[in-house]
Ligand code: MLT
Ligand code: ZN
């Protein structure tokens, strides 16, 4: 028996001591299923999959990984787009899907305890049943999990009004890379007792430790949400429309998508075009329609935008079903274009720099990708733009990604010049790691590496992700 096989057998024996048979997978198709996320770039190659039932079991696993030198990859709903939950090198994948209980709920504090594997939609529904609201939302909320959302500081479609996942985390239980259990912030609103390690773990992509439980804040639900979709003739007009509406209304969303994105979604036949007028771009606005006065205000803002030439046409939802269908025009884009193996960029700049940024990047990509289809959409109201390049049928996946990598540098130069981010909400994982230096200085990266060393000195937690 070779020493590698002996080591593998040893690890599998240790896993079998911590996990009963039903919570351990060591062979079959499920290995690759749990070993990958939605990134579609890397080949999954895990050694085993484990399904912990509680924090203590995670702790035993992390301690064993340190003692026996094996590595761990955390796995939530596997909806990530940067390879943060990919196992490519015989790691043990830790799936949180069996830690999916919603625990203590405090109506007074408006907080609820969630295990890491609670699905986003499960939490949203729990909040609704208690006349409350969990405002972080995105197309993948039916499968993404709270632990993964926190580990990537997930954003989504309501950030403009309600902020990111970070803003709703009142407390965390984590198992550090050293195998310690930390209870962070205990659900407190105020806590001025020094470093807030909770925030260090939010967005750390499982590289410092694994989140096993969270205390999540809830809020009063918004009332009578209405959706307005507007046809917009050019990039610059999008931000003028955003400014005009936001000066007078507290929008809960301001999204955009290009005509190409709309065509792909409507071609599937499930949802119709919002109106007949052809428009290069579309803006989707959502707001609380609480009085007749608000409706009049919306109409007069719309008319003003039309007079200025910033809007070509528009439609407003008259009921919840219409609102949901208008939302699908935006929310169905990602899944619809997935079959074209898109090269995904998730970029952000401050809102004031969006016009300069959009024009600069658009110029670079139309020159850099003369033969490729470019699909724009995103959360433009908070400065986050999704730039997707579609793979032509006649080009192999590797050649396509190679070509995209060449154009990346020109795009990221603009991001860096404007002080933006090369990954606004999709994380770094494996995919964006080579480009981190465009958004983080060498000094800052040095501190990040030092922190990794403190929490995970043996490098057992999600190796190769974020920092490498
Ligand atoms: C979205 O906004 O639709 C998601 O971030 C997914 C994507 O960018 O494709
Ligand atoms: Zn997005």
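Numbering (the working numbering), first residue to last: 3 to 470. Glycine residues also receive a C-beta, built at the ideal position from the N, C-alpha and C atoms. Because the structure is a prediction, the values reported are computed rather than measured.
Quiz item: What first and last residue would you give for the beta strand (DSSP E) that runs through residue 346?
Solution: That run of the beta strand (DSSP E) goes 345-350.
>> Any beta carbon of chain C sitting closer than 7 angstroms to that of residue 195?
In response: Absent from the structure: chain C. Only one protein chain is present.
Check your understanding: When every heavy atom of the ligand MLT is checked, does at least one fall within less than 6 angstroms of the C-beta of residue 141?
Key -> Yes, Cβ of residue 141 sits closer than 6 angstroms to a heavy atom of the ligand MLT.
Residue 16 - DSSP class collapsed to helix/strand/coil: Residue 16: helix per DSSP, three-state reduction.
Note to self: Under DSSP, the beta strand (DSSP E) around residue 388 begins and ends at which residues?
What the structure shows: Run containing residue 388: 386-392, per the beta strand (DSSP E) assignment.
Taking residue 366 as part of the alpha helix (DSSP H), name the residues at either end of that continuous run.
-> Its alpha helix (DSSP H) spans residues 356-370.
Worksheet item: The alpha helix (DSSP H) spanning residue 201 covers which residue range?
Response: Residues 199-203.
Touch check for the stretch 255-264 and the stretch 191-199: three-plus C-beta pairs under 8 angstroms? No, the stretch 255-264 does not touch the stretch 191-199.
Tell me whether residue 125 sits in a helix, a strand or coil according to DSSP, three-state version. Secondary structure of residue 125 (DSSP, three-state): helix.
| message | So, with DSSP's three-state summary, where would you put residue 264? | response | Helix, per DSSP.
Review point. So, using beta-carbon positions, are residue 383 and residue 162 closer together than 7 angstroms?
Key: Yes, these two residues count as a Cβ contact at 7 angstroms.
query = If you compare alpha carbons, which of 357, 49 and 390 is closest to residue 238?
reply = Distances from the CA of residue 238 to each of 357, 49 and 390 were compared; the closest alpha carbon is that of 357.
Near residue 347, what residues of its chain come up, given a Cβ to Cβ distance below 6 angstroms and the 5 sequence neighbours on each side ignored?
For residue 347, where only same-chain residues beyond five positions count, the Cβ hits under 6 angstroms are 389.
Margin query: Taking 6 angstroms as the limit between beta carbons, can you name the residues of its chain near residue 137, skipping five residues before and five after?
Written below: Excluding residues within five positions, the ones whose Cβ falls inside 6 angstroms are 160 and 164.
**Message:** Please classify residue 400 as buried or exposed, where buried requires at least 16 other C-beta atoms within 10 Å of its C-beta.
**Reply:** Exposed, because fewer than 16 other Cβ atoms sit within 10 Å of the Cβ of residue 400.
Work out the CA separation of residue 233 and residue 282 for me, nearest whole Å.
Their Cα atoms are separated by approximately 7 angstroms.
(request) Find the nearest neighbour of residue 155 within the set 173, 203 and 120, judged by alpha-carbon distance. (result) For residue 155, the closest C-alpha among the options 173, 203 and 120 is that of 203.
- Where the beta carbon is closer than 5 angstroms to any heavy atom of the ligand MLT, which residues qualify, in chain order? Every residue passing the under-5 angstroms Cβ criterion appears here: 336 and 388.
Q.
Using a Cβ-Cβ cutoff of less than 8 angstroms, which residues in the same chain neighbour residue 458 once the five nearest sequence positions on both sides are dropped?
A. Here the set comprises 178, 179, 180, 209, 210 and 211.
Practice prompt. Classify residue 491 as helix, strand or coil using the three-state DSSP reduction.
Written response: As shown, the chain starts at 3 and ends at 470. That puts residue 491 outside it, with no answer to give.
Residue 219 lies in the beta strand (DSSP E); which residues open and close that run? That run of the beta strand (DSSP E) goes 211-219.
Requested in this report: May I have the straight-line CA-CA distance separating residue 147 from residue 119, to the nearest angstrom?
Outcome: The straight-line gap separating the alpha-carbon atoms of residue 147 and residue 119 is approximately 5 angstroms.
Worksheet entry | Length of the line joining the Cα atoms of residue 360 and residue 230 | Going from the Cα of residue 360 to the Cα of residue 230 covers about 23 angstroms.
- Item | Start and end residues, beta strand (DSSP E) containing residue 173 | Start and end: 171-178.
Query - Distance, residue 152 Cα to residue 225 Cα - result: Looking at the two C-alpha atoms, the distance is approximately 27 angstroms.
Q. Can you name, in chain order, every residue of its own chain whose Cβ lies under 8 angstroms from the Cβ of residue 403, other than the five neighbours on each side?
A. Result list for residue 403: 43 and 345, in chain order.
Problem set entry | Residues of its chain near residue 40, where Cβ-Cβ distance is below 6 angstroms and the 5 sequence neighbours each way are ignored | So the qualifying residues of the chain are 81 and 83.
Limits of the unbroken beta strand (DSSP E) element including residue 113: Taken as a continuous stretch (DSSP letters only), the beta strand (DSSP E) holding residue 113 covers 113-117.
query = Quick one, are the C-beta atoms of residue 95 and residue 64 less than 7 angstroms apart?
reply = Contact: no.
Query - Proximal residues to residue 196 (C-beta, below 6 angstroms), its chain only, five neighbours per side dropped - result: The beta carbon of residue 196 is closer than 6 angstroms to none in its chain, skipping five residues each way along the sequence.
**Message:** Does the stretch 215-222 come into contact with the stretch 243-260, if we say contact requires no fewer than three beta-carbon pairs (one atom in each stretch) closer than 8 angstroms?
**Reply:** With a cut-off of 8 angstroms on Cβ pairs, the stretch 215-222 is not in contact with the stretch 243-260, counting fewer than three such pairs.
Self-check item: Ordered list of alpha helix (DSSP H) runs contained in the stretch 292-324, each at least 4 residues
Solution: If we require 4 residues or more, the alpha helix (DSSP H) runs fully inside the stretch 292-324 come out as 294-310.
Just how far apart, CA to CA, sit residue 495 and residue 129? Since the displayed the chain opens at 3 and closes at 470, residue 495 lies outside it and no answer follows.
Counting only runs that start and end within the stretch 9-85, where is the alpha helix (DSSP H) found for 4 or more residues in a row?
You should have 32-36 and 57-70.
Q.
Using C-beta distances below 6 angstroms, list every residue in its chain close to residue 363, excluding the 5 sequence neighbours before and after it, in chain order.
A. These residues qualify, in order along the chain: 413 and 416.
Practice item. Please report the residue range of the beta strand (DSSP E) in which residue 104 lies. Key: 104-108 is the span of the beta strand (DSSP E), which, as asked, contains residue 104.
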